[in-house]
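**Q**
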Amino acid sequence: MNLKISVIIGGRYQVVQAQELIKRPHIVVATPGRLADHIESDPEGIAKLLKTIKFFVLDEADQLLTLQTIFKAVPKQRQTLLFSATITSALNQLHQVSIKKPFFFEDDSDVKTVDRLEQRYVLCPNGVKDAYLVYVVKNFYTQRESSSILVFTHTCRECQALSLMFKALGFEVGSLHSQIIQSQRTASLTRFRSGKIRILICTDVAARGLDIPHVDLVINHNVPRFPKPIFIELEDLQELDALVEQ
Numbered sequence: 045m046n047l048k049i050s051v052i053i054g055g056r057y058q059v060v061q062a063q064e065l066i067k068r069p070h071i072v073v074a075t076p077g078r079l080a081d082h083i084e085s086d087p088e089g090i091a092k093l094l095k096t097i098k099f100f101v102l103d104e105a106d107q108l109l110t111l112q113t114i115f116k117a118v119p120k121q122r123q124t125l126l127f128s129a130t131i132t133s134a135l136n137q138l139h140q141v142s143i144k145k146p147f148f149f150e151d152d153s154d155v156k157t158v159d160r161l162e163q164r165y166v167l168c169p170n171g172v173k174d175a176y177l178v179y180v181v182k183n184f185y186t187q188r189e190s191s192s193i194l195v196f197t198h199t200c201r202e203c204q205a206l207s208l209m210f211k212a213l214g215f216e217v218g219s220l221h222s223q224i225i226q227s228q229r230t231a232s233l234t235r236f237r238s239g240k241i242r243i244l245i246c247t248d249v250a251a252r253g254l255d256i257p258h259v260d261l262v263i264n265h266n267v268p269r270f271p272k273p274i275f276i277e278l279e280d281l282q283e284l285d286a287l288v289e290q
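The working numbering puts the first residue of the sequence shown at 45, with every later residue one more than the last.
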């Protein structure tokens, strides 16, 4: 079909991306922050180009509905498609992105876990929760060679703190959160997929939409706010642990 596609994300030169946009690609795949940067840096050029789009697609829509810079740049006469693995109050504000009454479809089928999935909960005082986390990870890490471990946190601060803690204890880990530049996030994910590192710590928001073919153990450092995406994204999973504060 000879489609021209432009990827607008952090970690790449913004000038090169602007040149790609000026060539009017058929499809633009972008992270909202970087696309907003282009709009604000060149409101006459880039914003004018976006006025020609016909289809506006938001993946993980519940996280993106507050980006007024982008909404103002796209034309009102467009088809808007929103996708989300979770239903939150933000999705009730669809009038922000559509002037027409939206068609709403929800897959109400039951969430099914993997047949071989073993779920456990660790009840512990908040003050020693990290010690319990290290204990669980160390036992699994040493007893099962070549196993992979994924740790979810709620905030970037927690993610970075846990990453530094495990590195100080001699573990080689990767981390994924929004405060890390795109090139470093990509490198961490690539190393985890290839088995060069066996522990990946990430925020639940940063992890949404990840395609990881095999994970042996997933640990929720906090009780997950949205449990459904974990089961959807991690299809090959043996164990799921949650550290629950008493």
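Quick reminder that beta carbons are idealized off the backbone N, C-alpha and C, glycines included.
Counting Cβ pairs closer than 8 Å, one from the segment 186 to 200 and one from the segment 225 to 234, do we hit at least three?
**A** With a cut-off of 8 Å, the segment 225 to 234 and the segment 186 to 200 do not count as touching, because too few Cβ pairs lie within range.
**Q** Can you tell me whether I263 is buried or exposed, with buried defined as 16 or more other CB within 10 angstroms of its CB?
**A** Buried, since its Cβ has 16 or more Cβ neighbours within 10 Å.
**Q** Is L47 closer than 8 Å to I71 when the C-beta atoms are compared?
**A** Yes; because the gap between Cβ atoms is below 8 Å, this pair is in contact.
**Q** In chain order, what residues of the same chain lie with their CB nearer than 7 Å to the CB of A80, ignoring the 5 residues before and after it?
**A** These residues qualify, in order along the chain: L111, T113, I114.
**Q** Any idea what DSSP makes of Y185, helix, strand or coil?
**A** Y185: helix per DSSP, three-state reduction.
**Q** Contact check, V195 vs H258 under 8 Å by CB: the rounded distance?
**A** 16 Å between Cβ atoms; not a contact.
**Q** By DSSP, does Q290 sit in helix, in strand, or in coil?
**A** Residue placement at Q290 cannot be trusted, given a pLDDT of 41 that sits under 50; the coordinates are not used to answer.
**Q** With DSSP collapsed to three states, give me the class of D174.
**A** Here D174 sits in helix by DSSP.
**Q** Compute the Euclidean distance between the alpha carbons of G89 and V118, then round it to the nearest angstrom.
**A** G89 and V118: Cα-Cα distance of roughly 13 Å.
**Q** Give a single yes or no on whether S238 has its beta carbon closer than 7 Å to a heavy atom of the ligand MG.
**A** Absence of the ligand MG is noted for the structure shown, with no ligands found whatsoever.
**Q** Just how far apart, CA to CA, sit V181 and K116?
**A** Roughly 46 Å separates the two Cα atoms.
**Q** Check each candidate in Q187, A74, V60 and name the one with the smallest Cα separation from V51.
**A** That would be A74, whose Cα lies nearest to the Cα of V51.
**Q** Rounded to whole angstroms, what is the Cα-Cα separation between I276 and D255?
**A** Interpretation of I276 is limited by its pLDDT of 41, a score under 50 that renders its predicted location unreliable; the figure taken from the coordinates is listed afterwards. Going from the Cα of I276 to the Cα of D255 covers about 10 Å.
**Q** Quick check on S190: buried or exposed, where buried means 16 or more other Cβ atoms within 10 Å of its Cβ?
**A** By the neighbour-count rule (16 or more Cβ atoms within 10 Å), S190 is not buried but exposed.
**Q** If I follow the unbroken alpha helix (DSSP H) through V60, where does it start and stop?
**A** Taken as a continuous stretch (DSSP letters only), the alpha helix (DSSP H) holding V60 covers 58 to 66.
**Q** Tell me where the beta strand (DSSP E) around F196 begins and ends.
**A** Run containing F196: 193 to 197, per the beta strand (DSSP E) assignment.
**Q** Can the beta-carbon of I243 be found closer than 8 Å to that of R235?
**A** In this structure, R235 does not lie closer than 8 Å to I243 by Cβ.
**Q** Helix, strand or coil: which one does DSSP assign to G239?
**A** Note: G239 maps to coil in three-state DSSP.
**Q** Alpha carbon to alpha carbon, how far is F148 from F100?
**A** Each residue's alpha carbon lies about 16 Å from the other.
**Q** Buried or exposed, going by whether 16 or more other CB atoms sit within 10 Å of the CB of S85?
**A** When all chains shown are included, S85 counts as exposed.
**Q** To the nearest angstrom, how far is it from the Cα of K92 to the Cα of E150?
**A** Approximately 34 Å, taken between the alpha carbons.
**Q** Secondary structure at V103, three-state DSSP: helix, strand or coil?
**A** The question names Val, yet the displayed sequence has Asp at residue 103. Strand at D103.
**Q** Assuming L213 contacts L233 (C-beta within less than 8 Å), just tell me the rounded distance between them.
**A** 22 Å between Cβ atoms; not a contact.
**Q** For S222, name the three-state secondary structure that DSSP assigns.
**A** In this structure, S222 counts as coil in the three-state DSSP scheme.
**Q** How long is the line joining the alpha carbons of L161 and Q187, rounded to whole angstroms?
**A** Going by the C-alpha atoms only, they are around 18 Å apart.
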